[in-house]
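Going down the list, the sequences are from chains A and B.
Read left to right, the first sequence gives residues 580 to 763 (our numbering).
Read left to right, the second sequence gives residues 776 to 966 (our numbering).
Ideal Cβ placement from N, Cα and C applies to all residues, glycine included.
These figures come from a predicted structure and were not determined experimentally.
Input: a single structure, listed below in structure tokens.
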Amino acid sequence: MTCRYTQSLLEDLVDGALPHERASEIQDHLATCSNCRAEYSELRKLKELLRTHVVEDPGREYFQETTELILARTVGQNHTTKSRQPERQERRDAFVRAVLSAAASLVVLFSAVTIGNMDSPGTSQANRLNSPMLATSTVMENLNTQIPSILPPEDRTRLAQGMLLMGPPGLLGKFGEMKELQHR
Amino acid sequence: MKSSVPELVKSFIAGDQAAFAELVARYRRKVYSVAYRIVGNHLDADEVVQESFVRIYNRKEDLDSVNHFSSFLIRVATNYSIDILRRRKAHGGVAEDTTSLPGEIQVDLARRISTPEDHFRGKRLMEEIQLALEKLPPKQKITAILHDVEGYSKTEIAEMFDCPEATVRSNLHIARTKLRKILKQRLRTVE
């Protein structure tokens, strides 16, 4: 049996995939050939090393939580009070929320500054409501008076946090109602 | 009496949600383990675990023609893992920290290790092997992981990926040759 032929079968020998007779022949060759023996030894060690490669166990709690999340996304049962997407998606969403909040705060600040710089008190009220962004400050002035029907408590909180300015359901969507404020 | 996997799959296809939940419970660790070895970090492995089962749920009609649920599930997981690797490569990124788990999990693990020296040695070896695997192209990496780490046969792997067994043998041989070269020093220390 040649070394070349033996070495072509060493992986199968390591994998236990050779018929008994063939395996014996290879073993006989290995007993007399140090080169092939070294090759076989290294292959065996590699396989042993890989076999013992252990992934750090994230723990029973992680798997239970993940199962809950999978079921929430599939079966749709309310197995959990949290709704966590894959962690990477959660981080992305948190970043986007932070950026939007910061942008909304800047818009509110800009509105307040713009109103403060307006020249004529007579025109300021009319001008306020012509601009959706300026209307923000009008709404804020009237928050504690007559508008619970227009801005329910949760929206008022969101407005105070600068978050109501974004999107159709937010402040721009309520512009028509806010115009009425001026005429009450 | 505990239901067999084929029974659970049959029930799941018929609409039994509890059967699906049982399948998730039985295979979640396996999927995590395979995914982690391919993608190299906890965050991506977490994504693979969730997405794999969601995909299985949405494709339950395909399970009718599947011989082995486990192989099918692992195939879905490895394919999604490859997508993540491609996405990462396209963005020019590197794997996130290959061994770090969220803080609270690390603390829990630390409690379970006998001595700090054992923990350090074991962790270092794991990192070395993981880094060696990272250097392989996806197909060779996956073949080496599924065969030499997870213990699937060449026949099973060929069936999983619908390819000839000769292709699996070839990928495995190339993977082992490369790994032997990368881990040469380490192999000298193994008894």
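With DSSP run on the structure shown, which of helix, strand or coil describes residue i?
| i | result |
| --- | --- |
| Ser587/A | helix |
| Leu592/A | helix |
| Val823/B | helix |
| Thr873/B | Low per-residue confidence applies at Thr873/B: pLDDT is 43, beneath 50, and the placement is therefore not dependable, though the value from the model is reported in the following sentence. The answer is coil: DSSP assigns Thr873/B none of H, G, I, E or B. |
| Gly897/B | helix |
| Tyr855/B | helix |
| Lys626/A | helix |
| Glu925/B | coil |
| Thr581/A | coil |
| Lys835/B | helix |
| Val829/B | helix |
| Val678/A | helix |
| Thr930/B | helix |
| Asp672/A | helix |
| Thr964/B | helix |
| Asn614/A | helix |
| Phe936/B | coil |
| Lys864/B | helix |
| Val686/A | helix |
| Glu635/A | coil |
| His843/B | coil |
Leaving out the 5 sequence neighbours to the left and right, which residues in its chain are closer than 6 Å to residue i when beta-carbon positions are compared?
| i | result |
| --- | --- |
| His599/A | none |
| Pro913/B | Ile857, Leu860 |
| Tyr807/B | Ala820, Val824 |
| Gln971/B | Outside the shown range of chain B, which is 776 to 966, sits residue 971/B, and nothing can be said about it. |
| Leu876/B | Here Leu876/B scores only 49 on pLDDT, less than 50, and its place in the model should not be relied on; the value that follows carries that caveat. His817, listed in sequence order. |
| Phe844/B | Val780, Val784 |
| Phe828/B | Val799 |
In the DSSP assignment, the alpha helix (DSSP H) including residue i goes from what residue to what residue?
| i | result |
| --- | --- |
| His599/A | 599-611 |
| Glu647/A | 639-652 |
| Lys916/B | 913-919 |
| Lys953/B | 940-957 |
| Tyr807/B | 792-814 |
| Val784/B | 780-788 |
Apart from the five residues on each side of it in sequence, which residues of its chain come closer than 7 Å, Cβ to Cβ, to residue i?
| i | result |
| --- | --- |
| Asp839/B | Ile788 |
| Val943/B | Thr918, Lys929, Ile932, Ala933 |
| Asn842/B | none |
| Arg935/B | First, the amino acid is wrong: residue 935/B is Met here, not Arg. The answer, listed in chain order, is Ser846, Ile849, Arg850. |
| Tyr927/B | Leu921 |
| Thr853/B | Val809, Ile813, Ile917 |
| Ile957/B | Ala907, Lys910 |
| Gly595/A | none |
| Ala610/A | none |
Suppose the cutoff is 8 Å on Cβ atoms and the five residues either side in sequence are ignored; what does the same chain contact list for residue i look like?
| i | result |
| --- | --- |
| Glu797/B | Ser778, Leu783 |
| Pro939/B | Ala933 |
| Arg951/B | Ala919, Asp923 |
| Leu625/A | none |
| Ser710/A | Low local confidence applies: a pLDDT of 49 at Ser710/A is under 50, so the model's placement there is unreliable, with the coordinate-based value given in what follows. Result list for Ser710/A: empty, nothing under 8 Å. |
| Leu962/B | Arg955 |
| Gln586/A | Cys615, Glu618 |
| Arg623/A | Val593 |
| Leu597/A | Leu588, Asp591, Ile605 |
Got a sec: does the ligand GDP put a non-hydrogen atom nearer than 7 Å to the Cβ of residue i?
| i | result |
| --- | --- |
| Ile649/A | Of the ligands one can find in the structure shown there are none, so the ligand GDP has no counterpart to examine. |
Measuring CB atoms only, is the stretch 609-618 of chain A touching the stretch 789-800 of chain B, in the sense that at least three cross pairs come out at less than 8 Å? no
Are there three or more Cβ pairs, one per stretch, closer than 8 Å when the stretch 810-821 of chain B is compared with the stretch 895-909 of chain B? Segments in contact, yes.
For the pair the stretch 668-684 of chain A and the stretch 853-868 of chain B, tell me if three or more CB-CB distances fall below 8 Å. no
Taking contact to mean 3 or more Cβ pairs, one atom from each stretch, closer than 8 Å, check whether the stretch 627-638 of chain A and the stretch 601-617 of chain A are in contact. No: fewer than three Cβ pairs fall under 8 Å.
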